[in-house]
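Engineer: Under our numbering, the first residue of the sequence shown carries the number 68, and numbering increases by one thereafter.
Quick one: the structure is below, and I'll ask about it shortly.
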Amino acid sequence: MTYKDAIEYLYNQLPAFERQGASGYKPGLDTTIALDNWLGNPHRAYKCIHVAGTNGKGSVANMLAATLQASGYCVGLFTSPHLVDFRERIRVNGEMISKRSVSHFVEQYFKSGLNCEPSFFELTTALAFEYFKKQKVDYAVIEVGLGGRLDSSNIITPILSVITNISIDHTQFLGNTLAAIASEKAGIIKPDVPVVVGDASQPEVRKVFEDTARECHSPIVFANDEPMVMGSVKNIDGSLSIFAVGYDDTLTCQLGGDYQVKNVNTVLHAISVLKKNGVKIKKSALKRGLANVCQYTGFMGRWMVIGKEPTVICDAGHNAGAWIIQSKQLRDLECRKLHMVLGFSADKDIDTVLGMMPTDATYYFTQAQSSRSMKAQDLQALGAKHGLKGNSYPKALDAYKAALKAAKPADAVFLGGSFYVLGDIFNHIKIQK
Numbered sequence: 068m069t070y071k072d073a074i075e076y077l078y079n080q081l082p083a084f085e086r087q088g089a090s091g092y093k094p095g096l097d098t099t100i101a102l103d104n105w106l107g108n109p110h111r112a113y114k115c116i117h118v119a120g121t122n123g124k125g126s127v128a129n130m131l132a133a134t135l136q137a138s139g140y141c142v143g144l145f146t147s148p149h150l151v152d153f154r155e156r157i158r159v160n161g162e163m164i165s166k167r168s169v170s171h172f173v174e175q176y177f178k179s180g181l182n183c184e185p186s187f188f189e190l191t192t193a194l195a196f197e198y199f200k201k202q203k204v205d206y207a208v209i210e211v212g213l214g215g216r217l218d219s220s221n222i223i224t225p226i227l228s229v230i231t232n233i234s235i236d237h238t239q240f241l242g243n244t245l246a247a248i249a250s251e252k253a254g255i256i257k258p259d260v261p262v263v264v265g266d267a268s269q270p271e272v273r274k275v276f277e278d279t280a281r282e283c284h285s286p287i288v289f290a291n292d293e294p295m296v297m298g299s300v301k302n303i304d305g306s307l308s309i310f311a312v313g314y315d316d317t318l319t320c321q322l323g324g325d326y327q328v329k330n331v332n333t334v335l336h337a338i339s340v341l342k343k344n345g346v347k348i349k350k351s352a353l354k355r356g357l358a359n360v361c362q363y364t365g366f367m368g369r370w371m372v373i374g375k376e377p378t379v380i381c382d383a384g385h386n387a388g389a390w391i392i393q394s395k396q397l398r399d400l401e402c403r404k405l406h407m408v409l410g411f412s413a414d415k416d417i418d419t420v421l422g423m424m425p426t427d428a429t430y431y432f433t434q435a436q437s438s439r440s441m442k443a444q445d446l447q448a449l450g451a452k453h454g455l456k457g458n459s460y461p462k463a464l465d466a467y468k469a470a471l472k473a474a475k476p477a478d479a480v481f482l483g484g485s486f487y488v489l490g491d492i493f494n495h496i497k498i499q500k
């Protein structure tokens, strides 16, 4: 089987939430357990850190992986979705899984005779767990795909569970209230395994986590109770200087989004818990990890500057929780004029998000080449109701080119609203990581 054959099978033959939406979502752990048993339970060969949350789980997962790498460990990292290449999802010390490893795994699955009808994410999860075992990783940082309790990744027993925050998203699967969503995320809390919660400022959310941790006899830390980050300053290169408790000089975070301040606070608490439980991590390793997270892990698409004159910024924040902070950062940008290239998946709370957008920007409404995307013309019409002016472009690359053509050197161009919009654009341009 060639890599092309394997990817064709994964993308087009298996149910996939990212492509189909609700019809491609397959909750439950039975299939993942069957795959895991077939493979000999590979995730038991290394120590895992499990990361869930509505927003920030990708950033936290990458920062933790980078810190462990900087400490000299061999580290597996499983995240989703990918932007350009499927292999971005599965990395060891920042290197993507090889094409041969992907094709060989899918071929072995075909030969196995298993009749468990896995989804795209279930088979990809099994591939990641098996690959990490073969690569003899010391630690694997595993990002939850969707939710927590019924997510395919939830067969692991980690040494640490991390839940970044809770806001309204994926209500058709996780529930319509913060408490219901928190209950699903709390499903990754395991008996006697410590858990760090980044932000549980809502009383109903905090109660869910406290109750679950108590039932599981799991030590719990709420990172926002005792902030380790005392302030931050934006650097000229777009990174953040972080002032943190216990560090004589500042920490530099390569990820420059304002929302990363909370994520760094979560990471600092997570590292503290890991160290208390015997994981050797020096302060110097943490500093290197945060300052070079993109180089260590290949992370892309979080308040990432990909061009100058005009400044071009991209960010994959795609729900209301993310845009509360992101919209303020856009308004604070020092630029002559702002050009917004936007596209969203149709199942998001787009109306709420558009209501947060700056009205003095020029908009280039677009869509990803995915059946889940809201049509560009429909997005333009919805934007007009919020006073957002601009044209629609059925292809994201065309919207990006139009924004670049219209922008002056002192302007800023923003790309975002969806991982898939960024992926469509990144697939056609060269990105400096």
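Ideal Cβ positions, reconstructed from N, Cα and C, are used throughout, including at glycine.
Keep in mind it's a predicted model, so treat the numbers as computed, not measured.
When DSSP labels each residue in this structure, what does LEU405 get in the three-state scheme?
Structural biologist: Taking the sequence shown and counting its residues from 1, the one referred to as residue 405 is at position 338. Residue state, collapsed to three classes: strand.
Engineer: Quick one, are the C-beta atoms of LEU353 and THR98 less than 8 angstroms apart?
Structural biologist: The residue you call residue 353 lines up with position 286 of the sequence shown. The residue you call residue 98 lines up with position 31 of the sequence shown. Cβ atoms of LEU353 and THR98: not closer than 8 angstroms.
Engineer: Going by the CB atoms, is the gap between VAL118 and VAL211 shorter than 8 angstroms?
Structural biologist: Along the sequence shown, read from residue 1 onward, the residue named residue 211 stands at position 144. Along the sequence shown, read from residue 1 onward, the residue named residue 118 stands at position 51. In this structure, VAL118 lies closer than 8 angstroms to VAL211 by Cβ.
Engineer: Under 8 angstroms: do the stretch 469-482 and the stretch 399-411 share three or more Cβ pairs, one atom per stretch?
Structural biologist: In short, these stretches touch, since the Cβ pair count reaches three.
Engineer: Within 10 Å of its beta-carbon, does SER179 have 16 or more other beta-carbons around it, so buried, or fewer, so exposed?
Structural biologist: One-based indexing of the sequence shown puts residue 179 at position 112. Counting Cβ neighbours within 10 Å, SER179 comes out exposed, since fewer than 16 surround it.
Engineer: Using the rule of at least 16 other Cβ atoms within 10 Å of the residue's Cβ for burial, across every protein chain shown, is SER459 buried or exposed?
Structural biologist: Here the question's residue 459 lines up with position 392 in the sequence shown. Buried.
Engineer: Mind checking which residues open and close the alpha helix (DSSP H) that includes PHE493?
Structural biologist: Locating residue 493 in the sequence shown gives position 426, where the first residue counts as 1. Note, PHE493: alpha helix (DSSP H), 486-493.
Engineer: Nearest to LYS203 by alpha carbon, out of GLY254, ARG154, LEU217 and TYR140?
Structural biologist: Indexing the sequence shown from 1 puts residue 203 at position 136. The candidate whose alpha carbon is nearest that of LYS203 is TYR140.
Engineer: To the nearest angstrom, how far is the alpha carbon of SER394 from that of GLU174?
Structural biologist: In the sequence shown, residue 394 corresponds to position 327, counting from 1. In the sequence shown, residue 174 corresponds to position 107, counting from 1. Approximately 46 angstroms between the Cα atoms of the pair.
Engineer: Opposite CYS381 in the DSSP bridges: which residues?
Structural biologist: One-based indexing of the sequence shown puts residue 381 at position 314. In the DSSP output, where bridge partners are listed per residue, CYS381 has MET371 and LEU482.
Engineer: Go through its chain and collect everything with a Cβ distance to GLU197's Cβ below 6 angstroms, but skip five positions before and after it.
Structural biologist: By 1-based counting over the sequence shown, the position of residue 197 is 130. Correct list, in chain order: LEU106 and PRO109.
Engineer: Going by the DSSP bridge assignment, what does ASN458 pair with across the sheet?
Structural biologist: Locating residue 458 in the sequence shown gives position 391, where the first residue counts as 1. ASN458 pairs with TYR431.
Engineer: Alpha carbon to alpha carbon, how far is ILE100 from ILE222? Give it in angstroms, no decimals.
Structural biologist: In the sequence shown, counting from the first residue as 1, residue 222 sits at position 155. In the sequence shown, counting from the first residue as 1, residue 100 sits at position 33. Rounded to whole angstroms, ILE222 to ILE100 spans 7 angstroms at the Cα level.
Engineer: Can you check which of these residues, LYS252, ALA112, LEU77 and MET68, is closest to ASN122 by C-alpha distance?
Structural biologist: By one-based count along the sequence shown, residue 122 stands at place 55. Ranking the options by Cα distance to ASN122, first place goes to LYS252.
Engineer: Tell me the residue span of the alpha helix (DSSP H) that contains GLU277.
Structural biologist: Position 210 of the sequence shown holds residue 277. Element bounds for GLU277: 270-283.
Engineer: Does the stretch 289-296 come close enough to the stretch 327-346 that 3 or more CB-CB pairs lie under 8 angstroms?
Structural biologist: Result yes; three or more Cβ-Cβ pairs closer than 8 angstroms.
Engineer: To the nearest angstrom, report how far apart ILE496 and LYS343 are at their CA atoms.
Structural biologist: Here residue 496 refers to the residue found at position 429 when the sequence shown is read from its first residue. Here residue 343 refers to the residue found at position 276 when the sequence shown is read from its first residue. Each residue's alpha carbon lies about 44 angstroms from the other.
Engineer: With distance defined between alpha-carbon atoms, name the residue in GLU184, LYS201 and ILE209 nearest to THR192.
Structural biologist: In the sequence shown, residue 192 corresponds to position 125, counting from 1. Of GLU184, LYS201 and ILE209, the residue nearest in Cα terms is ILE209.
Engineer: Are the beta-carbon atoms belonging to TYR206 and TYR70 less than 8 angstroms from one another?
Structural biologist: Looking up residue 206 in the sequence shown gives position 139. Looking up residue 70 in the sequence shown gives position 3. The answer is no: Cβ separation not under 8 angstroms.
Engineer: I need the straight-line Cα distance from ASN79 to ALA73, nearest angstrom please.
Structural biologist: Against the sequence shown, residue 79 aligns to sequence position 12. Against the sequence shown, residue 73 aligns to sequence position 6. Straight-line Cα distance between these residues: approximately 10 angstroms.
Engineer: Straight-line CA distance for SER351 to TYR363?
Structural biologist: Counting from one through the sequence shown, the residue named residue 351 turns up at place 284. Counting from one through the sequence shown, the residue named residue 363 turns up at place 296. For SER351 and TYR363, the distance between alpha carbons rounds to 15 angstroms.
Engineer: If we call anything under 8 angstroms between Cβ atoms a contact, is LEU322 one with VAL360?
Structural biologist: Counted from its first residue, the sequence shown places residue 322 at position 255. Counted from its first residue, the sequence shown places residue 360 at position 293. Yes; because the gap between Cβ atoms is below 8 angstroms, this pair is in contact.
Engineer: Does the beta-carbon distance from ALA290 to VAL264 come in below 8 angstroms?
Structural biologist: One-based indexing of the sequence shown puts residue 290 at position 223. One-based indexing of the sequence shown puts residue 264 at position 197. Yes, they are a contact pair.
Engineer: Looking at GLN434: is its Cβ nearer than 8 angstroms to the Cβ of GLY410?
Structural biologist: Taking the first residue of the sequence shown as 1, we reach residue 434 at position 367. Taking the first residue of the sequence shown as 1, we reach residue 410 at position 343. Result yes, Cβ atoms of GLN434 and GLY410 sit closer than 8 angstroms.
Engineer: How many whole angstroms separate the CB atoms of VAL408 and PHE481, which I take to be in contact at a CB cut-off of 8 angstroms?
Structural biologist: As a first step, residue 408 is located in the sequence shown; it is residue number 341 there, counting from the start. As a first step, residue 481 is located in the sequence shown; it is residue number 414 there, counting from the start. Yes, they are in contact, since the Cβ atoms of VAL408 and PHE481 sit about 7 angstroms apart, within 8 angstroms.
Engineer: By how many angstroms is the C-alpha of ASP445 removed from the C-alpha of ALA413?
Structural biologist: As a first step, residue 413 is located in the sequence shown; it is residue number 346 there, counting from the start. As a first step, residue 445 is located in the sequence shown; it is residue number 378 there, counting from the start. If I take the Cα positions, the gap works out to 10 angstroms.
Engineer: Output yes if chain C places a C-beta closer than 8 angstroms to the C-beta of THR192; else output no.
Structural biologist: Note that chain C does not occur in the displayed structure, where there is just one protein chain.
Engineer: Which runs of the beta strand (DSSP E) fall wholly inside the stretch 284-371 and span at least 3 residues, in chain order?
Structural biologist: Segments of the beta strand (DSSP E) lying fully in the stretch 284-371: 287-289, 296-301, 307-311 and 318-320.
Engineer: Nearest by alpha-carbon distance to GLU189: which of LEU217, PHE199 and GLU162 is it?
Structural biologist: Locating residue 189 in the sequence shown gives position 122, where the first residue counts as 1. Selected option, being the one with the closest Cα: LEU217.
Engineer: So, for ASP304: in the same chain, excluding its five sequence neighbours on each side, which residues have a beta-carbon less than 6 angstroms away from its beta-carbon?
Structural biologist: Residue numbering aside, residue 304 sits at position 237 when the sequence shown is read from its first letter. Contacts found: none.
Engineer: Can you give me the C-alpha to C-alpha distance between PRO425 and GLY484, rounded to a whole angstrom?
Structural biologist: Position 358 of the sequence shown, counted from the start, is the residue given in the question as residue 425. Position 417 of the sequence shown, counted from the start, is the residue given in the question as residue 484. Taking the straight line joining both Cα atoms gives about 14 angstroms.
Engineer: Which full runs of the alpha helix (DSSP H) of 4+ residues lie inside the stretch 91-159, going along the chain?
Structural biologist: List check, alpha helix (DSSP H) in window: 97-106 and 124-137.
Engineer: Under the three-state reduction of DSSP, which class applies to LEU213: helix, strand or coil?
Structural biologist: Here residue 213 corresponds to residue number 146 of the sequence shown, with the count starting at 1. Here LEU213 sits in coil by DSSP.
Engineer: Go to VAL420, then tell me how far its alpha helix (DSSP H) extends in each direction, as first and last residue.
Structural biologist: In the sequence shown, counting from the first residue as 1, residue 420 sits at position 353. That run of the alpha helix (DSSP H) goes 417-421.
Engineer: Out of LYS124, CYS183 and GLU75, which has the shortest C-alpha to C-alpha gap to GLY388?
Structural biologist: Start at 1 with the first residue of the sequence shown, and residue 388 comes out as number 321. Of the listed residues, the one whose Cα sits closest to GLY388 is LYS124.
Engineer: So what's VAL229 in DSSP terms, helix, strand or just coil?
Structural biologist: Reading the sequence shown from its first residue, position 162 is the one you call residue 229. DSSP places VAL229 in strand when its eight states are reduced to three.
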